[in-house]
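Since the structure comes first, as structure tokens, the remarks are kept for the end.
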Amino acid sequence: MTTTGDDPQADVRPAQSATAHLTPAALAPAALTAAMPAGVGGLAGLRAAPVWSDQMVAAAGITAHDAPFVTVGGGLASFALVNFLRVCGAPTDEIRVVSPQRRPYENLHDLMRRSQILDQEPLRSESMARVDNIWGFPGYAMGDAVRRRSPGPMLRVLAEPLAAEYFNPSPDQVFGGVDREAARIGWDSMVLPARAQLLRRREEGGYFCLVCPVDGSAPVALRSQYAHLGTGYPGVRYVPEVSRYRIEHREYFNVVNAYEPHEHVYQVLRRRPGSVVVRGAGITASRVLQRLFDDRRAFGQDVTVTHLFRTYADRAQGPSTFRRPGGDGWNYQPFSFPKAAGSGQLRRRLFSMNAEQRAAFIGAMDAATTAKRRMWQRQLTRAREVGAYRALKGEIRAMSPAPDGKVDLTVDADALPAGATLQADFVIDCTGLTPTLRDSPLLADLLETGGARLNPLGGLDVGAHFDVRGGQQESGQLYASGVIARGGYLAPVDSFWGFTHAALLICDDLARRGFCGRLGLARSVTSWFKWLMNEAP
Ligand SMILES: Cc1cc2nc3c(=O)[nH]c(=O)nc-3n(C[C@H](O)[C@H](O)[C@H](O)COP(=O)(O)OP(=O)(O)OC[C@H]3O[C@@H](n4cnc5c(N)ncnc54)[C@H](O)[C@@H]3O)c2cc1C
């Protein structure tokens, strides 16, 4: 391991020629702390500088460790890339994953539980969209068929979408596969439990990533030739009415966002009758409604739901090129993007567009949609028939606490007089997560000082290989994938399929630069057999 301490003259080898890198033992927080000189200073000076040299880092009293490839995030976007790199021959001691989470799906699992996607429920991706298997074969349906000893799931894939609904894997299946693959590729040995604070170009080539270990020990700098960002959504998105209500009334019990912990809502409604206003038209709204009506039936309480759609679809919607079925307020689409946006003609069209055209095209494909599942439709029809559910086209204009522990809402809804008021026990806002990159301190800094820029859709401006434009180095490259790279040449970037496809393109570029091997036919076939036999790559 090469380190630089407070001695500015310390002998620091360039990252690309370093032979000793961070070892798992050196990654132990205690080892990092021991390597840290007393009296860290000069961080403010470093923060202001767009490019750091080895000497500047050493003079600031920060220890530097070599790690040729660093990915920041540690979610499924990072996992898909590291998986690909390992298959392409990159050794574990050349890769570091900077992440506060140990398992790649921790954050996603939390968000799923909160938004009522239970572990055995169907997800919204297809059988072959696997982050744990770069070939996508065998798909989840085949795994399910073997587990159940029944050809049912396979027959369903053959019949979808005309004669059967799409096969969707469950979180259990997806996360089980990720656990197996993580063990196979040595994921744990690459994870550095830390948060990245700053990412800077290195004067001598490559990048510095300043990281703060999660145990509170002193920050260290990772010196790498290649870096990747997969930091996901910066946070939960709050619509202005919800923020205003919370700030003005300091009330967090009755008005909740579906991505926050809000189990108390369901617990209360199991014990007594109540009314709920649900807002949103995506898959999360579908899940929340399912939970409310499942509980209503199971616990026998008179729970009524008013569902507000900002745009109410009563028939097929959208331009003729990708027209979606619609009805009862919902826009229906099996996946968050049409399948052709991943690898078909819609993807090809993106390549011929400029940034503004891409933003408009992706925006048009990316409307709030939900899957048309018979179970949900039957449930809502039954609830409508007994007067427990009504769907309105409308918006919440204002909210205030009512004296009896309820919420007063002023709404503009088509079917109600202007400025009508409603009263509800709970308001569940299913608007979603914020994709605003400046909400992430790391990305905000990268945009302000690191040379990166935004595309017209608000994602990082990336090239065809997910290379961050404005963040290039003569020797080295910065990449980004996942939702932070939306608006580029691939539309479904925030999906299992998108992570693997981005990883393929990044690895192609890294192979060209000599960091890993190419995935030719021979390597692909032998690697697939190793995957099948659960042998290390
Ligand atoms: C509820 C829900 C359901 C979904 N269902 C599906 C589905 O069915 N099919 C599908 O294909 N896709 C689905 N998606 C989309 C996609 O698969 C997820 O959004 C996925 O988890 C995103 O992975 P990620 O790695 O980009 O981000 P995350 O999983 O959010 O991981 C990013 C990680 O980066 C960390 N991080 C952030 N900043 C820093 C920093 N400065 N330093 C270090 N670490 C940092 C975060 O703490 C987080 O742990 C779903 C998404 C959600 C929210």
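Heads up, the sequence shown is in my numbering, so the first residue is 24 and it goes up one at a time.
Every residue gets a Cβ at the ideal spot worked out from N, C-alpha and C, and that includes glycine.
Quick caveat: nothing in here was measured; it's all calculated off a predicted structure.
Put simply, of Val-214, Val-243, Gly-239 the residue whose alpha carbon is nearest the alpha carbon of Ala-83 is Val-243. Non-local beta-carbon contacts of Pro-216 in its own chain, meaning distances under 6 Å to residues more than five positions away in sequence, involve Val-237 in chain order. Distances from the CB of Ala-308 to the heavy atoms of ligand 1 are all 7 Å or more. Thr-392 carries a coil assignment under DSSP once its states are collapsed to helix, strand and coil. Across the structure, Pro-515 and Met-376 are spaced so that their CA atoms are roughly 16 Å apart. One thing to note: Leu-460 has its Cβ no nearer than 8 Å to the Cβ of Leu-480.
In summary, Gly-349 is buried, with 16 or more beta-carbon neighbours lying within 10 Å of its beta-carbon over all protein chains present. Ala-250 sits away from Leu-221, with the two beta carbons spaced by 8 Å or more. By the neighbour-count definition (other C-beta atoms within 10 Å, threshold 16), Phe-190 is a buried residue.
For His-287, the enclosing alpha helix (DSSP H) has its first and last residue at 286-294.
Distances from the alpha-carbon of Phe-552 to those of Ile-157, Leu-108, Gly-97 put Ile-157 closest.
With 16 or more other Cβ atoms from the protein chains shown falling within 10 Å of its own Cβ, Asp-89 counts as buried. Scanning its chain for C-beta atoms nearer than 7 Å, with the 5 sequence neighbours on each side dropped, one finds around Cys-539 the residues Leu-108, Cys-111, Gly-112, Ala-113, Cys-530, Leu-533, in chain order. Ranking Arg-125, Gly-386, Thr-334 by CA distance to the CA of Gly-209 puts Arg-125 first. Secondary structure note for Tyr-502: its beta strand (DSSP E) is the uninterrupted segment 500-503.
In this structure, the straight-line span from the alpha carbon of Tyr-335 to that of Gln-400 is close to 16 Å. Buried is the label assigned to Ala-103, since at least 16 other Cβ atoms lie within 10 Å of its Cβ.
Residue Arg-420 holds the alpha-carbon nearest to the alpha-carbon of Pro-263 among Val-169, Val-74, Leu-252, Arg-420.
In this structure, Leu-233 sits away from Val-95, with a CB-CB distance that is not shorter than 8 Å. Within the DSSP bridge table, the entry for Leu-483 names Leu-477 as partners. Segment contact: the stretch 353-362 against the stretch 135-150, three or more CB-CB distances shorter than 8 Å; contact assigned. Pairing Phe-519 with Leu-99 gives a Cβ-Cβ distance under 8 Å.
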